[in-house]
Each structure stands twice: as structure tokens, then as C-alpha cells.
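Protein chains in written order, with the numbering used here: chain A, 21 to 531; chain B, 149 to 743. Glycine included, each C-beta is placed from N, C-alpha and C at the ideal position. Structure first, commentary second.
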Amino acid sequence: MIQYILRRVGALLLVLLGSTFLIYNLTAISGDPLEDLRLSTEPNAAFLLEKAIQDLQLNVPPPVRYFNWLIGILGLGGAAPTMGLTLEGSEVLDIIGLAIPISIRLVIIATILSIVIGISIGIISALRQYSRFDYSITFIAFLFFSLPIFWVAVLLKQFAAIEFNNFLYDPVISTNWMIGFAFLGAFIFAGIVGGGRKRFLITLAAAFALNFATLSYISATGWLITPSLGPLLITVMAVGIAFGITHLSTGIANRRVLFISLGLAALTPVFYFVMQPVFSESFEGSTMLLLALGTIAVGYLAGYIFGGDDRSAAGRTGMIVSFLSAGLIALDRFMQSWDEYYNNEWIFGRPIATVGDSIPEIEGDYWMTGVDAFTHLLLPTAALMLISVAGYVRYSRASLLEVLNQDYIRTARAKGLTERTVIMRHAFRNSLIPLTTIMAFDFAGLLGGAIITEQVFAWRGMGTLFNTGLAKFDLNLVMSVVLITSISALVFNLIADLVYSALDPRIRVTK
Amino acid sequence: MKFSRIVRAVAIAAVGVLGTSGLAVAPAGAADRTLVRIAESNVRTSLNSSHSDHNLVENGTVGYLTGDGFNYYDNKSNLVKKTGFGTYRIVKDKPLTIETKLNKGLVWSDGAPIDAYDLLLPWVTASGFYDNDAQGVYWDDVSKESGMEKIVKFPTISQDSLTVTWTFDEFDSAWELFFGIGKPVHALTQLAYPTLSDGQAKAKFITAVKKKDWTVLKALATQWNTAYNFIDTKPIDASTDPNLLIVAGAYTIKSSVPGKSMTLVANPLYKTGPKPTIKTIQLVTIPDSTAMGQALANGEVDIIAPQATAALNDSLLAQPNTKVYGFGAATYEHLDVDLKGPAWAGMSAAKATDLRRALLLTIPRQEIVDKLVKTINPAAKVLSSMTPYFNADPKHAAMVATSGAKPYLDAEATRLAAAKALLTKHGYSTTNPLKLTLHWGGPTNERRKNTAALIVAAAAKAGIEVTSKPSAVWSQELGNNKSDLQFFAWAQTSTVYTGMRNIYGSTGSEPRAQNYIDWINPTVDKALARHSDEILSADGAFKVNQIFEKEYFKDAVGLPLFQWASLIAANKTLKNVKPSALSPQVVWNYWEWKY
Chain A
21 MIQYILRRVG ALLLVLLGST FLIYNLTAIS GDPLEDLRLS TEPNAAFLLE
71 KAIQDLQLNV PPPVRYFNWL IGILGLGGAA PTMGLTLEGS EVLDIIGLAI
121 PISIRLVIIA TILSIVIGIS IGIISALRQY SRFDYSITFI AFLFFSLPIF
171 WVAVLLKQFA AIEFNNFLYD PVISTNWMIG FAFLGAFIFA GIVGGGRKRF
221 LITLAAAFAL NFATLSYISA TGWLITPSLG PLLITVMAVG IAFGITHLST
271 GIANRRVLFI SLGLAALTPV FYFVMQPVFS ESFEGSTMLL LALGTIAVGY
321 LAGYIFGGDD RSAAGRTGMI VSFLSAGLIA LDRFMQSWDE YYNNEWIFGR
371 PIATVGDSIP EIEGDYWMTG VDAFTHLLLP TAALMLISVA GYVRYSRASL
421 LEVLNQDYIR TARAKGLTER TVIMRHAFRN SLIPLTTIMA FDFAGLLGGA
471 IITEQVFAWR GMGTLFNTGL AKFDLNLVMS VVLITSISAL VFNLIADLVY
521 SALDPRIRVT K
Chain B
149 MKFSRIVRAV AIAAVGVLGT SGLAVAPAGA ADRTLVRIAE SNVRTSLNSS
199 HSDHNLVENG TVGYLTGDGF NYYDNKSNLV KKTGFGTYRI VKDKPLTIET
249 KLNKGLVWSD GAPIDAYDLL LPWVTASGFY DNDAQGVYWD DVSKESGMEK
299 IVKFPTISQD SLTVTWTFDE FDSAWELFFG IGKPVHALTQ LAYPTLSDGQ
349 AKAKFITAVK KKDWTVLKAL ATQWNTAYNF IDTKPIDAST DPNLLIVAGA
399 YTIKSSVPGK SMTLVANPLY KTGPKPTIKT IQLVTIPDST AMGQALANGE
449 VDIIAPQATA ALNDSLLAQP NTKVYGFGAA TYEHLDVDLK GPAWAGMSAA
499 KATDLRRALL LTIPRQEIVD KLVKTINPAA KVLSSMTPYF NADPKHAAMV
549 ATSGAKPYLD AEATRLAAAK ALLTKHGYST TNPLKLTLHW GGPTNERRKN
599 TAALIVAAAA KAGIEVTSKP SAVWSQELGN NKSDLQFFAW AQTSTVYTGM
649 RNIYGSTGSE PRAQNYIDWI NPTVDKALAR HSDEILSADG AFKVNQIFEK
699 EYFKDAVGLP LFQWASLIAA NKTLKNVKPS ALSPQVVWNY WEWKY
């Protein structure tokens with residue numbers, strides 16, 4: 021094992037050396053950083069040109085400059101290791117240090133949501149193989165998978181931001197649109213539920229009516245401008261969550277777990293009123309973290325104490341139910357700040373943003389800045405997700421179908437386990453193993469950011485740094501991004517291999 | 149890369165066709181807004197745009213909005229005197245002596261008076277007299293060696309410390325752009341010596357300068373070179389040293405987030421010009437031009453200055469809340485003949501001139517402008533002056549009438565016939581073509597690629613076979629004498645002509661630094677020297693330029709093509725946005741903006 025890791029790390033260093041050498045030289049010969057100065061008509065252009073050549077060592081051939089850079093990075097010249105300076109003379113390390121958190125903030129939510137949603141849809145799609153739903157999802161997945169992201173971004177900005185903000189000036193949904201949306205939602209839901217034609221039609225009708233009613237309510241009350249959930253709706257939704265999660269984890273048949281979940285859901289309205297004064301204007305993010313952890317602990321303990329024979333499963337269920345229900349209360353509180361946000365002078369009635377990660381000058385409490393982060397994250401996250409969800413759908417569908425054909429699944433069914441147990445405990449878990457590799461790559465991408473998405477949404481993360489570095493032939497900047505991105509890709513690749521062997525007993529790492 | 153650009157263009161076009169819409173109904177109170185957000189492509193890096201590493205447009209914009217001075221360029225490239233700040237006059241011609249006088253009662257944003265010492269600082273930083281290699285003292289200033297060094301004698305400061313009299317050792321016609329204030333002397337000194345009071349700080353500065361106290365000067369130069377350069381790595385907030393933020397202009401810096409934005413608010417102590425209606429200006433970085441356009445459509449920014457492309461122009465025009473201003477930039481494209489190019493080797497001077505003229509006659513300038521420039525600036529015309537007097541300037545026509553540029557404005561058939569006659573004279577024809585190589589911009593530059601294609605096609609009709617090739621490092625290869633033709637653009641930054649010497653002049657035997665075409669012409673040298681050595685009126689300068697342009701067209705060493713088209717787009721409800729080609733560009737008239 022140790023030997024294997026050492027061998028991989030050795031290879032990793034060689035790959036790094038080769039790739040950085042190549043990229044350094046290619047970038048160096050790809051253009052002329054002094055173009056502007058050469059075309060300047062200033063009387064002292066020659067003086068400035070000479071100074072720039074000295075400063076940037078442009079009289080040294082690029083391969084030699086590469087080794088100077090390498091000596092700097094490794095700290096071999098007697099000085100402390102340094103990533104060098106940008107063309108403007110700032111420490112590259114400082115700039116990278118600012119960019120990494122921005123990239124992570126952008127990519128992490130999209131990655132996690134893509135994984136959760138993609139895998140969920142993929143599983144449903146596999147379980148409803150060759151159904152209307154499966155075909156539609158397959159079609160949509162391939163469609164989105166093949167879209168270029170800057171194009172998706174342009175369209176998203178047009179329709180989800182510019183047009184939507186226009187719509188908010190007078191947020192009345194026309195009947196045609198209402199019917200359209202309600203039908204689309206109902207069709208998807210009915211497809212997920214499945215069953216014969218009769219059941220499909222009944223589900224479709226019921227879901228359509230419910231959707232239509234909801235949209236009418238939203239349109240009639242101007243809910244989009246002054247959104248809120250309120251204690252009643254939160255309770256209803258919490259009960260729904262309790263049923264849903266219990267169904268997935270242990271099955272509704274397990275009454276004990278169901279009652280625990282429902283009990284937790286019943287606490288939600290109480291908790292709602294307790295929290296209102298706590299969620300004040302001086303509320304801070306760290307308190308939110310504590311609250312989240314507390315909620316999870318309470319849920320788990322409730323399940324564990326009252327769980328009877330199936331303690332740990334009941335604990336897990338309780339944990340998820342209480343976390344999601346409490347999440348609704350926090351969501352409601354964010355919604356209460358929406359109106360103030362909407363009317364802020366910096367927002368001016370156009371809340372959904374197309375550029376940037378926040379409005380720097382917006383003055384407000386935790387809730388306002390939270391809403392601000394949401395309106396800025398919405399579009400880039402959606403753009404990134406549209407494309408990566410599609411990938412996860414396809415991978416998880418294929419993986420689950422393969423597992424379902426295994427002998428041990430037949431054995432599990434033969435010994436009389438319920439279909440839910442076979443799918444959730446035997447098939448689902450095993451189908452996740454091949455996905456670890458893809459997830460590892462996605463997480464490796466966190467540090468590197470998203471080159472195109474960051475650029476078009478004007479987030480100054482690693483991707484944007486790479487872009488501007490290339491455009492200005494700022495070698496130190498480009499190389500630092502390349503270095504960090506390639507190290508994280510290689511390291512996560514190694515981790516994926518190790519995790520894989522830990523998860524799947526059939527695979528061993530050997531020399 | 150190419151594919152993605154095409155798709156991007158299609159995407160922009162698609163949005164245009166779909167009917168891009170902007171603010172449907174303006175919210176109540178739109179007319180009371182006092183906030184303007186300006187999108188810029190690059191990040192701001194420093195509060196000291198005089199530093200040679202930080203002399204970027206974005207830093208200059210902040211410098212203009214927060215700074216003050218004796219004059220500024222308006223949108224017609226007139227140098228406007230700002231009498232609310234102070235006055236200046238020529239005291240004597242020989243030696244050139246200038247008196248600059250500050251108005252009484254001007255203050256920095258911290259309340260400290262603006263005085264003669266503040267006028268002195270730009271001279272200290274740019275002249276080079278206060279640099280000392282042995283002592284390790286160097287003031288990094290982008291204006292080094294552009295004229296301040298000609299003021300050798302220590303300037304005279306009046307008793308009231310408002311007037312400074314400067315004596316030039318050598319004449320410099322650009323003197324009007326030299327004087328002004330940059331950083332406050334007291335604050336700069338306090339950065340190095342935090343315990344000093346304002347008065348003590350000023351005294352320390354002036355003593356150090358007068359006595360050349362290298363220890364103190366080194367401490368000050370270090371602050372000047374480094375203290376202000378943190379904008380791309382650190383925020384400006386309550387913890388920022390207030391000495392770094394003291395300004396004299398209409399706006400003060402409220403906050404800044406590295407790589408993202410900077411917020412300026414009106415300076416209550418500003419009184420040298422009209423009070424701006426706009427109380428807050430936020431500068432936002434948006435690198436992508438399409439993103440800029442959509443941010444404008446969404447009301448997130450109010451003014452954008454994107455990279456101009458025809459597709460973007462079309463989609464901006466389709467946005468209902470947007471007003472698009474196409475205009476000519478201060479940069480002009482021109483075709484040059486490298487006089488030491490391989491094709492001319494061994495030819496007699498007369499033959500080479502004939503062949504050069506033949507080539508230049510074939511250039512389809514009108515077609516180039518119609519196809520590649522008018523898509524952005526519909527008012528664009530063929531540029532025929534090289535000094536240049538742009539088409540909007542009445543002097544353009546006057547210059548063309550006498551310079552010898554006229555034959556190049558003839559109809560295509562006439563030009564081709566003339567070119568053919570010259571080629572036939574020297575034995576070339578379509579079957580035995582003259583072979584030339586054309587060197588142009590980087591391979592990703594679509595406009596240059598298309599220009600080259602048009603030139604190649606037109607030249608072939610007359611019997612000149614032009615081989616065109618791009619190069620990623622084309623600007624490094626300018627003037628390497630390996631090709632016969634090259635085209636690129638000169639960028640003007642002011643209306644003074646002192647820089648012309650570098651790009652067309654020679655020392656008599658050797659071409660000067662940026663004279664990439666190796667043109668040596670004593671008449672031109674003599675004429676251009678007058679720009680540097682004499683006080684010329686506008687008419688006087690025109691006459692000198694006339695001599696230059698006559699020689700330029702007589703020797704057939706090149707041809708101006710067109711003025712670059714630029715694009716500004718702004719929120720339609722924001723009034724009085726007037727794009728301007730010269731720095732400070734669009735922000736030049738911030739005090740006129742209102743909703």
C-alpha cells in the first residue's frame with residue numbers, strides 16, 4: 021500500500037514537471053506581452069519598453085526562464101519558495117489566495133447538487149427503464165450534455181434573469197403559461213410515479229390540479245415579490261418530508277420509524293415560533309452552523325432512543341427529517357428579507373443577477389447577504405448543473421442497471437426482501453462505487469474553478485485568473501493556476517483509486 | 149477555439165433575434181437615482197496610476213475621478229483648462245519658462261491645503277533627478293524621459309506657496325500636459341513617517357528634496373513605489389490606512405473589493421468644478437463583453453465599454469433600455485511598407501518607389517471600411533491623414549487636398565489602371581506578378597485576417613501576388629525586415645506630436661526606436677524636430693504635418709486605412725454620456741451625468 025502510494029506520488033511529480041515545462045513554454049511563445057508598448061506613440065515608449073524587457077526577463081529564452089521559475093517555486097535559490105509576481109507586480113500567491121475561495125464557492129454547490137439530483141434522477145430512470153420518463157430523461161440528458169456552457173449561460177441570463185426581472189415588475193402569470201407549467205410539472209411527476217395508463221392519467225390529473233392551484237396562488241398574491249412559507253405550510257411540508265424520507269429509508273411499514281419522523285415533523289411549528297426572535301438582525305453565520313449541527317443531533321438522538329430494534333436506521337431517518345424540516349424554517353426567514361432586498365437601491369427591483377458573486381456595497385444583516393449570495397449564485401449554479409447533472413444521470417442509470425442484473429440482487433429478492441430494501445440497501449449502494457471516480461474528478465475541479473463559467477458570470481476565481489493570465493501572457497499567474505489545478509487533479513485521482521479499493525473488496529492496490 | 153467563437157457569435161445573434169428586452173417598466177423613483185455603475189474589462193491594481201506597472205486605463209479612471217488638475221481632454225480631444233483649479237502661462241519663450249498657479253483655498257479630502265509642494269512631487273518622481281542607483285533610490289514613474297527631465301533647475305516657489313515657476317533647459321512642446329498634482333505630499337511623507345504632523349511632513353519632504361537627503365528620499369520613494377499597489381490583493385475598508393485614500397478630486401474612495409469593484413462617493417470638500425449630480429460611482433470588473441451587454445440589459449451596470457464587435461453591436465442595439473454610442477477611437481490602422489523588406493533588395497530607389505506606389509494604389513480601403521468597420525461605427529470613413537487628422541476634424545479634408553493622398557481615394561478602376569501602368573513599366577503583369585509578403589496581427593484577430601484577405605484579393609487584380617501570414621508574436625517581429633508589408637495600429641494618447649519623431653524619424657543615419665519601416669528622410673526629420681523644438685499654434689502644427697504627409701505619400705511608404713471603431717453603451721435613462729477617445733475616456737464629463 022505504502023509502496024503503491026509512493027510510486028504514484030513519484031509518477032505524479034514527473035507528470036507535473038513535464039506538464040508545467042510544456043505549458044510554460046507554450047504560453048511564453050504564444051504572444052507578445054509588450055504589444056501595447058510597441059504600438060505606443062508616447063515619446064518615452066522606447067524607455068518603457070526597455071524597462072519592461074528587463075522586468076519580465078524577456079531577453080532570457082523561455083526554457084531558461086522556466087527553470088528560474090521552478091527554482092523560485094521550490095525555493096532553491098536560497099530565498100523562500102515563491103510563486104512570483106504578476107505583470108503588475110503583485111504577489112501571485114495573494115491573488116490565488118483570493119480566487120480559490122471564490123471558485124470553491126461557485127463550484128461546490130453546483131457539484132453537490134449535481135451529484136444528489138443527478139444520481140436521484142438516474143436511479144428513477146433506471147427503475148423505470150424504457151418508460152416515457154426514461155426516454156424523456158435520456159433525451160434531455162443528451163441534449164444538455166452536448167450544450168456549450170457559454171451558450172447556456174447567455175440564454176439563462178436572457179430568460180432567467182433579464183426576462184424574469186421584467187416579469188417581476190408585474191408578477192401575474194398568464195393562464196396559458198400556468199397551464200403549460202402545471203402540465204409539465206404534472207407530466208414529470210406522473211412519469212416518476214409510473215404504473216399503468218390509468219394510474220398515470222389519474223396522477224397526471226391530480227398533480228396538474230395541484231400545480232395549477234399553487235401557481236394561481238403565487239400569481240394572485242404576488243408571492244414572488246413577498247414570498248413566505250408560514251408555519252402552516254411549513255408543517256404540511258415537514259409531514260410530507262417525514263413520509264418521504266421514511267419511505268426511502270425503512271419503508272412506511274415500519275410504524276415506529278414513521279411515528280418518530282412524524283413526531284419530529286410535528287415539532288416544526290413549535291420550533292418555528294421559538295426561532296423567530298433568535299433569527300434577528302444580529303444573527304450570525306456561526307450560529308447557523310451550530311443550529312444545523314444541533315438539529316441533526318436532536319433528530320439522530322430521537323431516532324436512536326425511540327428506534328427500538330432498528331436504532332441506527334431510525335437515527336439516520338430522524339436526522340434527515342429534522343434537518344430538512346428545520347431547513348424550511350431558515351428558508352422562510354430568508355424569504356422574509358426578500359422584500360427589503362428587492363427594494364434596496366442597489367437592486368432596484370431587479371433581484372436576479374447576471375454577473376458577480378455579490379453586490380459589494382449592499383448593507384444588510386446575515387439574511388440580506390444570504391439572499392444576495394443566492395441571487396448571484398442562482399444562474400452560474402444552474403448553468404454548471406444543467407450540464408453536469410446530465411452526466412451523473414447517465415452514469416448512475418447505467419451503473420444501477422448493471423448492479424440490478426447481478427446474481428446477489430436475484431438472491432436478495434429470492435430470500436424475500438422487499439423491493440425497497442433490495443433497491444436502497446443492496447443495489448443503490450453498490451451502484452455508487454463506480455461513481456466515486458467521476459466524483460473525485462469533479463471535486464478536483466473545485467480548486468481549478470470553471471474557466472468559462474467564471475468568465476461569463478464575472479466571478480474572479482481560478483478560471484478567470486487563468487483566462488486573464490493567458491490573455492496578458494502573465495506567465496507566473498497562468499503557471500500557478502496550472503500547478504494548483506494539476507496537483508489537485510492528480511491527488512484526487514490517487515484518492516479515488518484508494519477509495520475505490522476500500523469500497524470494493526474485489527479490487528486491491530498492489531505493486 | 150475558432151468553433152467556439154462561431155458558436156458564441158451565433159448565440160449573441162440568437163439573443164438579438166429573440167428580441168432582447170431590457171427594463172420593461174422603470175420602477176418608481178428612477179429619476180432620483182444618484183448611482184452609476186460602470187463596467188470595465190480589467191481589474192484595478194493600484195491607486196497610483198503614474199507607476200509604470202500600473203498605468204492601466206482602469207487605474208487611470210479612478211485617478212481622474214478622484215484627482216484634479218489644470219486641464220483635461222474632452223470628447224472632441226480639446227485640452228480644456230480647468231480654471232477652478234488654477235492657471236498656467238508661458239512667462240518666457242527662451243528658455244521656456246512656465247508659471248503654474250494654484251487657486252487659493254483648495255484642500256485635499258482630509259482638509260489639508262493643496263500647495264506648491266504638491267505640484268513639485270510629479271517633477272520629483274518623473275524627472276529622474278531624485279533617483280540614485282548607488283543609494284538604491286528609484287521613483288517608478290511612467291512619465292520618465294518624456295520631458296520633465298528638461299526642467300533641470302529647481303523650480304521657484306512663491307511666498308504664499310501657490311505659484312511655481314518652471315524653467316526648461318530644452319524646449320518641449322508637450323509642456324502643457326506636464327503639470328498638476330498627484331499624491332498629496334503630506335500623506336506620502338506620513339506613510340513613511342507616521343508620527344509627523346501635516347506641516348512637519350511637508351517640511352521634511354522639501355528639506356529632503358532640496359538637500360537630496362537620500363535616506364529620506366529612499367523612504368519616500370519606497371512608499372510611492374509600493375504602498376498604493378494593493379488594490380488587486382487587499383480590500384479597501386475601515387482598516388485601510390487613511391493616508392492612502394486622501395484625494396483632491398470630485399470623488400473619494402469609499403471601498404474596494406480586489407478583482408471585483410471599487411465604490412466612489414462624492415467628495416464634500418471638492419470645489420474646483422461643478423458638483424456632480426451622481427453621488428456614487430461603482431466601477432465593476434466584467435471581463436467578458438457579452439456578459440457586459442447582458443448586465444446592462446439587466447440593469448446591473450449603467451455604462452459599459454466592451455470590446456467592439458459587430459455581433460455585440462447588433463445585440464446591444466436590440467436592447468430597449470440601452471443606448472449605443474459607436475465612435476472613432478484614438479487608434480488608427482495603417483499599412484506600412486518595410487523599406488528593407490526582401491522584395492526591394494537590389495532595386496533602384498525609383499523602381500522600388502514605383503512598385504510601392506502600385507501596391508498602395510490597389511488597397512481596397514473603402515471596401516475594408518464598409519465590411520469591417522461600419523458594422524460597429526456606421527459613420528466610419530476611409531482615413532487619409534497619417535498625422536492623423538481624423539475624419540471628423542475639418543482639417544482632414546484640408547490635409548488630403550494637399551498631401552498627395554488623393555490618388556488613393558479614386559475609384560477602384562482608376563486606381564487599378566494606375567497601378568497596372570506602374571507595374572507594366574517595370575515588367576510585371578498578372579502572369580508575371582510582383583511577389584510580396586504581408587505580415588499582420590495575431591492569428592486570432594479576425595478583423596486583421598479579413599483585412600489581409602481583402603488586400604491580397606485586390607492586389608492580385610493588378611498583378612501583385614501578396615502572401616499574407618499571421619504570427620502570434622507579430623508585434624515582436626515588426627521591423628525585422630523579413631517581410632515587405634505590415635499593417636498595425638498606432639495608439640494616440642494625447643494631441644501632442646512629440647512622439648511622431650520616434651515612429652517616423654531618424655537620427656540622420658539610423659531609424660529611431662519605433663520606426664519599424666526604416667524610413668530615413670531628412671525633410672521629415674527636420675519637420676518633426678519642429679514639433680519638439682518650437683511653440684507651434686494649431687495652424688503651425690498643421691503646416692509641419694503637411695510637410696510630413698507630403699513626403700509620406702511621395703515616398704509611398706504606407707497608407708492610413710481607418711480609425712478604429714469603439715463602442716460605449718449606456719442605460720438609456722442616464723443622460724449626457726459622451727464617449728471620448730482620449731483618456732479619461734467616457735468618465736471625462738461625470739459632472740454632467742444625471743438620470
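Is residue j closer than 8 Å to residue i when the C-beta atoms are compared?
i	j	result
A:A432	A:H446	yes
B:A375	B:L339	yes
A:L54	A:L69	yes
B:D180	B:A396	no
A:N231	A:F201	yes
A:S378	B:T381	no
A:V259	A:A285	yes
B:A443	B:A264	no
B:T646	A:P63	yes
A:T337	A:I222	no
B:N525	B:G441	no
When the Cα atoms are used, what is the spatial distance from residue i to residue j?
i	j	result
B:W667	A:P371	59 Å
B:A172	B:N469	In this predicted model, B:A172 has a pLDDT of only 43, less than 50, meaning its place in the structure is not dependable; the value taken from the coordinates is given anyway. Rounded to whole angstroms, B:A172 to B:N469 spans 8 Å at the Cα level.
B:V228	B:D222	7 Å
A:N450	A:D524	8 Å
B:K242	B:P659	30 Å
A:D329	A:L176	50 Å
B:S728	B:D308	37 Å
A:G483	B:A506	49 Å
B:A260	B:A600	57 Å
A:T131	A:G411	12 Å
A:I280	A:A350	22 Å
B:R504	B:F636	18 Å
B:P581	B:H574	11 Å
B:F327	B:L709	35 Å
Can you give me the start and stop residues for the beta strand (DSSP E) that residue i sits inside?
i	result
B:Q634	L633 to A639
B:L412	S409 to A414
B:T400	Y399 to V405
B:Q124	Here chain B comprises residues numbered 149 to 743, so residue 124 of chain B is not present and cannot be evaluated.
B:T578	Unbroken run through B:T578: none, as it is neither H nor E.
On the DSSP bridge assignment, give the partners of residue i in chain order.
i	result
B:H587	B:K617 and B:Q634
B:T235	B:K249
B:N219	B:K229
B:R185	B:Q430
B:W739	Its beta-bridge partners do not exist; DSSP assigns none.
Tell me the residue span of the alpha helix (DSSP H) that contains residue i.
i	result
B:W362	W362 to T374
A:P289	R275 to V298
A:N185	F184 to L188
A:A512	Note that residue 512 of chain A corresponds to Phe in the displayed sequence, not to Ala. Per DSSP, A:F512 belongs to the alpha helix (DSSP H) from L495 to L523.
B:A506	A497 to T510
Under 8 Å: do the stretch 508-518 of chain A and the stretch 448-464 of chain A share three or more Cβ pairs, one atom per stretch? Cβ pair count under 8 Å is three or more, so yes.
Below 8 Å, how does it come out for the stretch 341-358 of chain A and the stretch 414-429 of chain B: are there three or more Cβ pairs, yes or no? As far as the Cβ criterion goes, the stretch 341-358 of chain A does not touch the stretch 414-429 of chain B, which means the pair count is below three.
Cβ contact (3+ pairs, closer than 8 Å) linking the stretch 471-479 of chain A and the stretch 134-146 of chain A: Segments in contact, no.
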